[in-house]
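J.: Residue numbers (the working numbering): 1177 to 1447. Every residue, glycine too, gets a C-beta built ideally from N, C-alpha and C. These numbers come from a predicted model, not from an experiment.
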C-alpha cells in the first residue's frame, strides 16, 4: 500500500526567528530561544495531536534537515524527501516523495494523519538549547506535531531496541510480548548480547565496512508463548552469518542475503 503523498519537507531551511507566543499551546510559559539552528539536527517526532487527541509517534518517526532546501526522514515506517518555502515566521509546505513499504495498520494510520497535518501553513516554535531543544509545528486549526532533538547513536555500546521484522519491502511490527524486550548491543570487543524477545543471548559479531558477521549465538532456553517463539526464530535467522547493516543516526537496519532483516532504534532512557 502506498502512503499518501505528504508535506513533511516543511522543516527544511528552518532557522526560526523567535516569536513571543506559542501558537499551538502545550508549551505556554516556556522560553523561545533565538538563533537556535534547526538544520543539521535529527528531529524525532514524539507525538501528533489532531482534533485534540494526542498520539505517540512510532519509534523511528523523524526528520533531518539540510541547508539546501531539503528534508528527509521517516514517518515511522516509510521514508520521505521534500522541499519547503519559508514565509516570514511561517512555513509553506510542498509535496513529498515517499517510499511504498507495507506497514502495520497502526503505523499506517499514524502516517496518514501525519501526512494530513504536514500541509499548508504551519507556525513553528523552538524551545531549549542543544540536544535539549524541542520543536512544535502547529496548523491554523490547532493540530500540532511535537519533535525533540536527538544526538546520533554509535553502532557499538548502544542498546538497539528491535522494532520490526523486515521481509523485502514489508515491515512487520513485533507482537506485544516481544515489543519491549527484543534488543541487542554490540561491544567494542566484537561481542554482541541482548534478547530475542523472550530468551537472552550472547555471541560474536565482527564489523567490517557495511557488514556484520555473526558467529553462533548462545541463548537461554526458556519456554516462550507462540508469537514470541516465531519472533525468536526470525531474529535468530537474521543474526546468523554475514548481514548488511545500515546506520542512520539513531536507526539500525540489518539485512540478511535472503532479504530478511530487522529494524531497530536506539533505546531511549524512558524505554
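1. Given residue 1205, which residues of its chain have a CB within under 6 Å of its CB, disregarding the five upstream and five downstream residues?
2. Report the three-state DSSP secondary structure of residue 1416 (helix, strand or coil).
3. Roughly how many angstroms lie between the CA atoms of residue 1243 and residue 1249, to the nearest whole one?
4. Could you please give the first and the last residue of the uninterrupted beta strand (DSSP E) stretch that includes residue 1398?
5. Identify, in the order they occur along the chain, each residue of the same chain with its Cβ nearer than 7 Å to the Cβ of residue 1366, setting aside the five sequence neighbours on each side.
6. If we require 3 or more residues per run, which beta strand (DSSP E) segments fall completely within the region 1259 to 1312?
7. Relative to the C-alpha of residue 1438, which residue among 1423, 1417, 1426 and 1411 is closest?
8. Residue range of the beta strand (DSSP E) that residue 1379 falls in?
9. Go to residue 1320, then tell me how far its beta strand (DSSP E) extends in each direction, as first and last residue.
10. Assuming contact is defined by CB atoms lying nearer than 8 Å, are residue 1320 and residue 1225 in contact in what I supplied?
11. Might you give, ordered along the chain, the residues of its own chain that have their beta carbon closer than 8 Å to the beta carbon of residue 1235, omitting 5 neighbours on each side?
12. Go through its chain and collect everything with a Cβ distance to residue 1408's Cβ below 7 Å, but skip five positions before and after it.
13. Leaving out five residues on either side along the sequence, give the residues of the same chain with a beta carbon under 6 Å from the beta carbon of residue 1435.
14. For the alpha helix (DSSP H) containing residue 1355, name the first residue and the last one.
15. Given this structure, state the Cα-to-Cα distance separating residue 1418 from residue 1392, to the nearest angstrom.
16. Can the beta-carbon of residue 1288 be found less than 8 Å from the beta-carbon of residue 1315?
17. Take residue 1413 as the anchor and find which of 1342, 1335 and 1256 has the nearest alpha-carbon.
18. Spell out the partners DSSP gives residue 1232 in its beta bridges.
19. Under the criterion of a Cβ to heavy atom distance below 7 Å, does residue 1342 qualify as lining the ligand MG?
20. Measuring CA to CA, which of 1279, 1217, 1395 and 1232 is closest to residue 1223?
21. Can you tell me which of 1377, 1415 and 1405 puts its alpha carbon nearest to the alpha carbon of residue 1389?
22. Would you grab the beta carbon distance between residue 1323 and residue 1310 for me? Rounded to a whole angstrom, and I think it's under 8 Å.
T.: Looking at the coordinates:
1. Since pLDDT at residue 1205 reaches only 35, below the 50 mark, its modelled position is unreliable, and the value read off the structure follows with that caveat. Excluding sequence neighbours, residue 1205 sits near nothing in its chain.
2. coil
3. 15 Å
4. Neither: residue 1398 is in no beta strand (DSSP E) and is coded neither H nor E.
5. 1380, 1381 and 1382
6. 1266 to 1274 and 1297 to 1303
7. Checking every option, the nearest Cα to that of residue 1438 belongs to 1411.
8. Judged by DSSP secondary structure, residue 1379 falls within the beta strand (DSSP E) whose first and last residues are 1376 to 1384.
9. 1320 to 1326
10. yes
11. 1252, 1337, 1339 and 1441
12. 1372, 1373, 1374, 1375 and 1400
13. Hits under 6 Å: 1344.
14. 1352 to 1355
15. 11 Å
16. no
17. 1342
18. 1223
19. Of ligands this structure carries none, so the ligand MG is not represented either.
20. Scanning 1279, 1217, 1395 and 1232 for the CA closest to the CA of residue 1223 turns up 1232.
21. 1415
22. The beta-carbon distance between residue 1323 and residue 1310, rounded to whole angstroms, is 7 Å. This is short enough to meet the 8 Å contact definition.
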